[in-house]
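Working notes, beginning with the structure itself.
2 protein chains.
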Amino acid sequence: MFTILPIQGYIDQIDGFFCDGIHAGLKPNGNNDLGFIYTNEPCNVAAIFTENRFQAAPLKHFLSHKEEFKTNFVLINSKNANALTGKKGVEDINTLFSSLDFKEKLVNPLMSSTGVIGNRLPLEKLIAGANSFDLSAKSGENLSKAIMTTDAYPKTSLYEVKLEDGKSFKIGAVAKGAGMINPNLATMLCFICTDAAVPYSDMKEALNINKETTFNAISVDGDTSTNDTVMVLANGKSKAYDKDAFIEALRVVMHEMAMLMVADGEGAKKVAAFEVRNAATKEDAIKAAKALSNSLLVKTALFGEDPNFGRIASTIGASQIACDDEKLVISYNDIVVFDKGEICFDKETEEKASKVLKQNSYKIICDIGLGNCSFVAYGCDLGYKYVEINADYRS
Amino acid sequence: MFTILPIQGYIDQIDGFFCDGIHAGLKPNGNNDLGFIYTNEPCNVAAIFTENRFQAAPLKHFLSHKEEFKTNFVLINSKNANALTGKKGVEDINTLFSSLDFKEKLVNPLMSSTGVIGNRLPLEKLIAGANSFDLSAKSGENLSKAIMTTDAYPKTSLYEVKLEDGKSFKIGAVAKGAGMINPNLATMLCFICTDAAVPYSDMKEALNINKETTFNAISVDGDTSTNDTVMVLANGKSKAYDKDAFIEALRVVMHEMAMLMVADGEGAKKVAAFEVRNAATKEDAIKAAKALSNSLLVKTALFGEDPNFGRIASTIGASQIACDDEKLVISYNDIVVFDKGEICFDKETEEKASKVLKQNSYKIICDIGLGNCSFVAYGCDLGYKYVEINADYRS
């Protein structure tokens, strides 16, 4: 058996990984806005990207490499997404890398961007900023702040995986994301670093297995961005590897990052797990759970701490899945409020359900009663703060 | 040729139609909450309903009639949707009608409800209220107020259609709807009355033709309700009829009602027409236009009067239609901000675009440049008021 133990610290604790973040002049408030991850030996790299048809320039740049390649450098900026910038957006990335003082050290350097769509990169600032990097720095903290946009807090995690053969590897992540996160990945960046000796094909497979129940199961507002990226970098330094342990450890890291993002949904105060049980098909379970996590009327009811189960039912009906109100059971945690056509919502039950909604996190369970397929989607409430943040995000 | 002229007044001006609204004790603030439409001769009736899988009891009750039937009475209440009430919800409607003092006068009486989902109808209040009706009343104004829920204002219209043969008929509507209105009809009720001598099959055909570009093209928050109904009642009293004129007049009425609803999106101050041009297929045009009108990030940008065209482009990309940023053109009215891969957003253009967004209504045009299919969807902005209204709608 293997064990996956959380440890204190940032990705800089992983052997061979260096990182830092600085203020390069993009954020007017002086906060960090440019960071990097550097490894002294080239890494296997695998990534999954947004399903938005307008992929941002950094994604096009990544995909211009051949299927399997190695890299030792990822440059990450916030405040400008380098999206909708056409061919020039990709040219800008190449110009940037060829202007760096330390360009001779770089193997297939990559870039990742987040921020406002539809502006060219401020190349001068980025080049000057990057040329001030210390490639031997170990500050995951500075990096985690550099990639933030509307995030209320930085998002990182770190684990040690001990294998049966006595060997061990580390795996950790730094991520940003709050708002625009939706069932199909949206403005979120997540960089996962490991010293496991994982082959490229296993990295790709593990990413695809784990994305459905983690990043694709969270929703803040149902929009998908042009830039979303989950990237795994593996330098193999630990010489340790076990496929099952790697898949499971990656799942733990991805799930933790996804939960941190949904809890940081712009202005959100509550995390709700929408568990759809016993749907006729897996597709139905996923559709209904995601519809619930995306519904504005459900989200505002959670904000108001109102056990308005009518909106829950209505959203399930509107999702067009096979359903029948004579079979449907709705509960808030273990408080049943609707049971197969019967409304169970006396004063006492209403008070109990309201109490559940006053908590910071809870489950809303919808038993469809037509099959045996289930799915859990995660969402948050939506309040005044969301409007405040998004009415003037550009400024 | 025929002409369609707006006239002052309510549906009570149409020959043979009677209506009123009263306070029956459902709304705590004493406002009207129960109304009726009565005709002294039975009407042809056709209706289209919500696509929500959990149809409310009044819809099930309507559909329990045979395909083509006549009615002379529609009872409408607000504050309680009679939805998710199972078989008892339909039984309650039958109990109600059989308890009315004037039940002998009624031919296939119908009911329509709007309000909170998941509560049984307060039968005693409704019966007492209905028994106080004066069936010879002519107060469209009282009725229009009785059916309101979160509406900021009543919604009515009235037209006279003059035909080539010198005959004429009237057509008018009373409607409610604000919030939860989405591309596939959602909590909106619309009752269209006419004295045209229109056959049932033409009514049904005209409703289906016109719904796509009217009620199905508007969006407030992307949710669909359990109760949405558009009902046409025709008593034939004018003895006038022309199929083309009727279809066109019905379109005018449905479009006007749809626009009044979107302008009354809970807390909305702006109406935006999202015109998607030159998409590869009709499906793509509809998909992209509706995605724009539903996007929270687009809606909050409109609220902030921010010409954030990056969010427009991102939403089109996220809608999964065929698109290419080298072909895409985005404009606010006639102000082009993105032109086939080129960002045209200098200070002057930004100021012009901002000016457009300060207006109460405007067009956002996205030319996909891949075909010749177009669609216009209508949406509104989303601000603090929406959250306020929906965080505690039940109370």
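Just so you know, the protein sequences line up as chains A and B, in that order.
So in our numbering, spot 297 of the first sequence is number 297, and the numbers just go up one at a time.
Position in the second sequence (first residue = 1) + 395 = our numbering.
C-beta: ideal position from N, C-alpha, C; glycine also.
With a threshold of 8 Å between beta carbons, ALA318 of chain A makes contact with chain B.
For PHE704 of chain B, the CB contacts under 6 Å within the same chain, skipping 5 residues up- and downstream, are ILE725, VAL732, PHE733 in chain order. With distances taken between CA atoms, ALA547 of chain B lies nearest to B:ALA658 out of B:LEU645, B:LYS565, B:LEU553, B:ALA658. If you look at LEU302 of chain A, you'll find it in the alpha helix (DSSP H) that goes 296 to 303. Under the 10 Å beta carbon count, ASN52 of chain A is surrounded by 16 or more other beta carbons and is classified as buried. Taking a beta-carbon distance threshold of 8 Å, ASN467 of chain B does not count as an interface residue toward chain A.
Interface with chain B (8 Å Cβ-Cβ cutoff): GLU351 of chain A is excluded.
No Cβ of chain A is located within less than 8 Å of the beta carbon of GLY660 of chain B. Chain B places no beta carbon closer than 8 Å to that of GLY177 of chain A, leaving this residue out of the contacts. The Cβ-Cβ distance between ASP228 of chain A and PHE49 of chain A falls below 8 Å. Linking ALA249 of chain A to THR156 of chain A through their CA atoms gives a straight-line distance of about 14 Å. When the beta-carbon positions are compared, LEU479 of chain B and ASP284 of chain A stay at least 8 Å from each other.
Under the Cβ criterion of 8 Å, TYR384 of chain A is counted among the residues facing chain B. Not flagged as an interface residue toward chain B: ASP228 of chain A, since no C-beta distance is shorter than 8 Å. If you check the CB distance, SER633 of chain B and ASP776 of chain B do not come in under 8 Å.
Out of B:LEU501, B:ALA419, B:GLY513, the CA that lies nearest to the CA of ILE343 of chain A is found in B:GLY513.
Listed along chain B is no residue with a C-beta nearer than 9 Å to that of ARG277 of chain A; the closest approach is about 17 Å. In the three-state reduction of the DSSP assignment, VAL198 of chain A falls in the coil class. Within the region 469 to 486 of chain B, those residues whose Cβ lies closer than 9 Å to any Cβ of chain A are, in chain order, ALA476, ALA478, LEU479, THR480, GLY481, LYS482, LYS483. For the 8 Å CB-CB criterion, PHE54 of chain A and GLY712 of chain B form a contact.
For ILE312 of chain A, the enclosing alpha helix (DSSP H) has its first and last residue at 309 to 318. When the alpha-carbon of ARG311 of chain A is set against those of B:SER714, B:THR619, B:VAL782, the nearest one is in B:THR619. Taken through DSSP and simplified to helix, strand or coil, ARG120 of chain A comes out as coil. In the DSSP assignment, GLU350 of chain A falls outside any beta strand (DSSP E) and within the unbroken alpha helix (DSSP H) covering 347 to 358. For GLY535 of chain B, no chain A residue has a Cβ inside 9 Å of its Cβ, as the nearest lies near 29 Å away. In chain order, PHE449, ALA478, LEU479, ILE512, GLY513, THR621 make up the part of chain B whose C-beta sits under 9 Å from the C-beta of ALA313 of chain A. Per the coordinates, the alpha-carbon of LYS747 of chain B lies some 7 Å from the alpha-carbon of ILE730 of chain B.
Pairing ALA280 of chain A with LEU328 of chain A, the inter-Cα distance amounts to about 12 Å. Interface flag for ILE286 of chain A against chain B is unset, since no Cβ pair is found closer than 8 Å. Taking C-beta separations shorter than 8 Å and ignoring five residues to either side along the sequence, the partners of ALA245 of chain A in its chain run PHE2, ILE4, VAL161, LEU163, following chain order.
Taking a Cβ-Cβ cut-off of 7 Å, the neighbours of ASP325 of chain A in chain B comprise PHE449, LEU479, GLY481, given in sequence order. Contact between the region 289 to 307 of chain A and the region 403 to 417 of chain B is absent, with fewer than three C-beta pairs closer than 8 Å. Unbroken beta strand (DSSP E) runs of no fewer than 3 residues, entirely contained in the region 72 to 137 of chain A, are found at 110 to 113, following chain order.
As a beta-bridge residue in DSSP terms, PRO6 of chain A pairs with A:TYR159. Contact annotation, THR589 of chain B with ILE542 of chain B: C-beta distance approximately 19 Å; criterion of less than 8 Å not satisfied. The continuous alpha helix (DSSP H) containing LYS540 of chain B extends over residues 535 to 541.
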